[in-house]
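Working notes for the structure below.
Residue numbers (UniProt numbering): 1 to 791.
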């Protein structure tokens, strides 16, 4: 970015030299690559007026000019075609130096004495790319009123330096004069001046000229517009042209120059459409269709893609949003009424379009970094203010403002002590507030914290650390004394859930299980294949999957476990058991999903339903979880009547059982298989880290066996509850050892045989007290469960 010092001083006052300014800006993070002095190497070039023009006697293409340079009238021979009597021009005197180091001396041209040279802008050192078209092939003509005899360098502001800055991508606000004025003020503890934008003498009504604006709010956050009428198209004033050229922008016409001037002033690109050339009183912002074509202002035909954002008048394309306007709606000498556009477009789309078309502009370089939507209105109103003050147009009253954006300022809490610890400088909280205020970040001290209101243009400030960096850079990294690294040594250890995981793995491998590892990405069809009833809303789809088989995040490990068992079966492994502890993923209102750890076990030909149950009980007992209930549980992927769940404190800990025959068929598994899925997070939560041991019992046990005939649907856990209710501290164990259905048992009934083991810790039990407990247990079972004691 080019930063003319004269322009910068319109917004912040300073009287130190440009070297100090460059050093201060570089130290605060705005790297100055070079200091350009436009008048360097140029000497003795003044402003003159052509008083008289005569033809050269011996050369048809040359004329003899009498040029008033203030204190004398010089005879100068020139071949320029655009000079005329009364023209005010730059004059290189005898002994002067022009661009390229060329020395100008008195001499004769085709026999006629010439005492200097009339200069073009190129001869004054300007790049061709910034010279106005009308001034490229001839002598530069100053506007009327320019002081005769004065320095041409001063008239063109070339006696002021220009800084060339490298602006980082996260600071689009610094791609503007106003942004750099704030940075200058902050770096040197000065005060930046903001222009008061006030539009006076507005006429008519916006609705009389224009109807509506429709935008794609996903790719166009805001679209603000106003109308200028009765425009007098012409060259811009010299000060405006000089500002633009020194900032690297070519002057075109007063209205277009104003939009470019304000773009450089505030960093908000603008566009002016010839209102009368539009096919309707409507603007529509939409996405392009693949293969569409449009002709941009540079005369090139562009082939468009679906990522491109277009500005249309409802019928024809009038602009490539954020990059370049369309040829058919450009401002010309015949333009009378103008629609001003201030918009905010999706930075990703602008970047992609600009790169694909190899079309970069001042607008695209700003839009692709992201802009504050609030700037759109500020910039358009500023153009209207300047156009009115310069008397080149009338401003139509009213505007059209559409979009979907937040105007609320962000607030960030900054802890004073954290800032001091990170920077290593013992700032007072008032000093921190002062530095942030210099950056126009409004602060409020609350105890040992600061509450900072972030200006909407500072899109790079989101978290506390961002503010700490702001304080450090404005204070000056060179002032921060280096210190030795400090820290405390801590003992590295695994988190608790990892320790629990290791204990489970050691136990299961001892029981004959192998550890499986499967992908977190699964196929959507795996749920159907496993007969798993999963709500579509709970599935997280991957935006760029490796393929359909890896296109969603798993919500269960069961399909992967059954698939692993099936693959082992196909490969001829006779008996296989495995387990996996892995994450499952569920959508949330936040950007990231929630993750939940599950423990899944499975096997075939390693045991039966009760072996799986016993394996789970051993794991939980080993972790100190023994207050469990087991109940039947119908689950879609398990065999009905051969599935159950573990309950801990009334909450489900997981399900287990024999795999449903339909699921076995889907996977091509021709052996009975058994799987379990447990909530690993709940297991960790209830795991006991420190065991309490007690002495081996000194007194003998008393055992009683019972068999009851009861309804088929009664769970054994109901019998256990009754036994524990009356056995209390004396009941050492309850164990079902037989369940029978068949001969001599009527339909719908079953026989359940269980044993009760009693023991007292401090004495030998007496027959009477055990008998009393057993009688109560039998009576309760017969009463509550309607069971019949078998003889």
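Beta carbons are placed, not taken as given, at the ideal position from N, Cα and C, and that holds for glycine.
Quick check: residue i and residue j, are their CB atoms within less than 8 Å of each other?
i: residue 42; j: residue 225; result: no
i: residue 46; j: residue 149; result: yes
i: residue 717; j: residue 629; result: yes
i: residue 246; j: residue 38; result: yes
i: residue 731; j: residue 721; result: no
i: residue 89; j: residue 53; result: no
i: residue 524; j: residue 539; result: yes
i: residue 477; j: residue 435; result: no
i: residue 755; j: residue 705; result: yes
i: residue 597; j: residue 680; result: yes
i: residue 171; j: residue 216; result: no
i: residue 92; j: residue 439; result: no
i: residue 463; j: residue 409; result: no
i: residue 221; j: residue 405; result: yes
i: residue 180; j: residue 3; result: yes
i: residue 667; j: residue 566; result: yes
For residue i, count neighbouring Cβ atoms within 10 angstroms of its own Cβ and tell me buried if that reaches 16, exposed if not.
i: residue 104; result: buried
i: residue 601; result: buried
i: residue 458; result: buried
i: residue 543; result: exposed
i: residue 713; result: exposed
i: residue 259; result: buried
i: residue 584; result: buried
i: residue 381; result: buried
i: residue 279; result: exposed
i: residue 809; result: Residue 809 lies beyond the residue range present for the chain, which begins at 1 and ends at 791; the question has no answer from this structure.
i: residue 342; result: buried
i: residue 795; result: Not covered by the structure: residue 795. The range shown for the chain is 1 to 791.
i: residue 357; result: buried
Who are residue i's beta bridge partners in DSSP?
i: residue 301; result: 295
i: residue 326; result: 296
i: residue 76; result: 65
i: residue 97; result: 43, 103
i: residue 454; result: 410
i: residue 4; result: 162
i: residue 774; result: Residue 774 pairs with nothing; no bridge assigned.
i: residue 705; result: 755
i: residue 711; result: 749
i: residue 553; result: 521, 540
i: residue 224; result: 342, 401
i: residue 181; result: For residue 181, which the question treats as bridged, DSSP gives no partner whatsoever.
Spatial neighbours of residue i within its chain, please: CB distance less than 8 Å, with the 5 preceding and 5 following residues excluded, ordered by chain position.
i: residue 97; result: 41, 42, 43, 44, 103, 104
i: residue 205; result: 396, 397, 398
i: residue 26; result: 32
i: residue 808; result: Within the shown structure, residues of the chain are numbered from 1 to 791, placing residue 808 beyond reach of any answer.
i: residue 239; result: 157
i: residue 810; result: As shown, the chain starts at 1 and ends at 791. That puts residue 810 outside it, with no answer to give.
In chain order, what residues of the same chain lie with their CB nearer than 6 Å to the CB of residue i, ignoring the 5 residues before and after it?
i: residue 269; result: 263, 363, 366
i: residue 623; result: 687
i: residue 839; result: Coverage of the chain is limited to positions 1 through 791, which leaves residue 839 absent and any answer about it impossible.
i: residue 393; result: 228, 231, 387
i: residue 349; result: 219, 307, 309
i: residue 235; result: none
i: residue 159; result: 39, 153
i: residue 70; result: 148, 149
i: residue 444; result: 451
i: residue 401; result: 224
Residues in its own chain within less than 7 Å of residue i by CB, not counting five upstream and five downstream?
i: residue 126; result: 245
i: residue 663; result: 530, 531, 562, 637
i: residue 564; result: 516, 518, 578
i: residue 407; result: 374
i: residue 422; result: 468
Q: Spell out a yes or no on whether the segment 697–715 and the segment 761–775 are touching, meaning 3 or more CB-CB pairs, one atom from each, closer than 8 Å.
A: yes
**Q.** Inter-stretch contact at 8 Å, needing at least 3 Cβ pairs: the segment 406–424 / the segment 155–167
**A.** no
Q) Between the segment 251–261 and the segment 306–317, do three or more beta carbon pairs fall short of 8 Å? A) no
Q) Does the pairing of the segment 16–24 with the segment 195–208 give three or more beta-carbon distances under 8 Å? A) no
Q. Is there contact here, the segment 71–84 with the segment 114–124, by at least three beta-carbon pairs under 8 Å?
A. yes
Q) Touch check for the segment 336–354 and the segment 371–388: three-plus C-beta pairs under 8 Å? A) yes
Q.
Can you confirm whether the segment 572–588 touches the segment 501–514 when touching is taken to mean that 3 or more C-beta pairs between the two stretches lie within less than 8 Å?
A. Result yes; three or more Cβ-Cβ pairs closer than 8 Å.
Q | Three or more C-beta pairs below 8 Å linking the segment 461–470 and the segment 480–492 | A | no
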